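Okay, so here's the structure we're looking at.
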Amino acid sequence: MCQASLCVALRAALWRDGKLEVVLITGFPAGMLACNCYVLAHRTGADAIVVDPGQRAMGPLRRILDENRLTPAAVLLTHGHVDHIWSAQKVADMYGCPAFIHPEDRYMLTDPIKDFGRGVIGGLAQFAVGAMFREPKQVVELDRDGDKVELGGITVTVDHTPGHTRGSVVFRVSEGPQEVVFCGDTLFRQSVGRTDLPGSSGRDLLGSIVDKLLVLDDDTVVLPGHGERSTIGFERRNNPFLEGLS
25 MCQASLCVAL
35 RAALWRDGKL
45 EVVLITGFPA
55 GMLACNCYVL
65 AHRTGADAIV
75 VDPGQRAMGP
85 LRRILDENRL
95 TPAAVLLTHG
105 HVDHIWSAQK
115 VADMYGCPAF
125 IHPEDRYMLT
135 DPIKDFGRGV
145 IGGLAQFAVG
155 AMFREPKQVV
165 ELDRDGDKVE
175 LGGITVTVDH
185 TPGHTRGSVV
195 FRVSEGPQEV
205 VFCGDTLFRQ
215 SVGRTDLPGS
225 SGRDLLGSIV
235 DKLLVLDDDT
245 VVLPGHGERS
255 TIGFERRNNP
265 FLEGLS
């Protein structure tokens, strides 16, 4: 199910209507910048949530959906950078589901490299410049910090975490024995998101991490936009960018 060696597969048990079910989470890196795309569902044969479908995500994504008999009910976007939203319109419109994004980053759905900088994304730029980006037919703005949305039978909490972009958000799923947070490019394993891009702010990024992520339990699973998964506790103890913040 994976394009590369990195793959995330979590199964978190939970009770629903008196019956034990399982939250299925699968992730794979997509495209030139290896953006992690995640698929979340409460069981096989159910509705699913797709997080950050990037460049070249369609092939492996469709295989995961078909193998598990899943139907996307929503596309969640942690922010608007091109490596995270490349296939969002295709996925949302193909399956007739809405795409969710913070209003501060919505403009990137149609021009995802406007503020990104062609020099920053290197070789990906030559592909992005020639691509036609359109908004999905259904777009829902995530304009309420801390809002809870019910998608595919799963409750997702949305936290606004500006810093990497003005409209960056993280998605938390608390069902099961361990909370899981999809944090885009806000927090990585032993690193943090870039803040040398237009619209980014180092002060805001660290503030978002302190206020929204370091307040979570140590065993909270961190599923980042790039690289390996981690936990809040591991980052609290080992992330050099967070030293002295928690």
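Take 25 as the starting number for the sequence shown in my numbering and just add one per residue. Note that beta-carbon positions come from the ideal geometry of N, C-alpha and C, so glycine has one too. These numbers come from a predicted model, not from an experiment.
| Asked | Found |
| --- | --- |
| In chain order, what residues of the same chain lie with their CB nearer than 6 Å to the CB of residue 127, ignoring the 5 residues before and after it? | 165 and 167 |
| Only counting runs of 4 or more residues, tell me where the alpha helix (DSSP H) segments fall wholly within the region 219-257, in order along the chain. | 226-232 |
| May I ask you to list the residues that DSSP assigns as paired with residue 62? | 51 and 75 |
| Return the first residue and the last residue of the beta strand (DSSP E) that residue 208 is part of. | 204-208 |
| May I have the straight-line CA-CA distance separating residue 232 from residue 247, to the nearest angstrom? | 16 Å |
| Excluding the 5 residues flanking residue 262 on each side, which residues of the same chain have their C-beta closer than 8 Å to its C-beta? | 214 |
| Looking only at its chain, what residues have a beta carbon closer than 7 Å to the beta carbon of residue 173, apart from the 5 residues adjacent to it on each side? | 180 and 182 |
| Can you have a look at residue 118 and say buried or exposed, based on whether 16 or more other CB atoms are within 10 angstroms of its CB? | exposed |
| Using C-beta distances below 6 Å, list every residue in its chain close to residue 187, excluding the 5 sequence neighbours before and after it, in chain order. | 225, 228, 229 and 232 |
| Is it right to say residue 161 is buried, meaning 16 or more other beta carbons lie within 10 angstroms of its own, or is it exposed? | exposed |
| Taking the beta strand (DSSP E) that residue 171 falls in, what are its first and last residues? | 171-175 |
| With distances taken Cα to Cα, identify the nearest neighbour of residue 106 among 49, 55, 268 and 193. | 55 |
| Identify which residue in 193, 265 and 240 has its Cα closest to the Cα of residue 257. | 240 |
| For residue 196, count neighbouring C-beta atoms within 10 Å of its own C-beta (all shown protein chains included) and say buried if the count is 16 or more, exposed if not. | buried |
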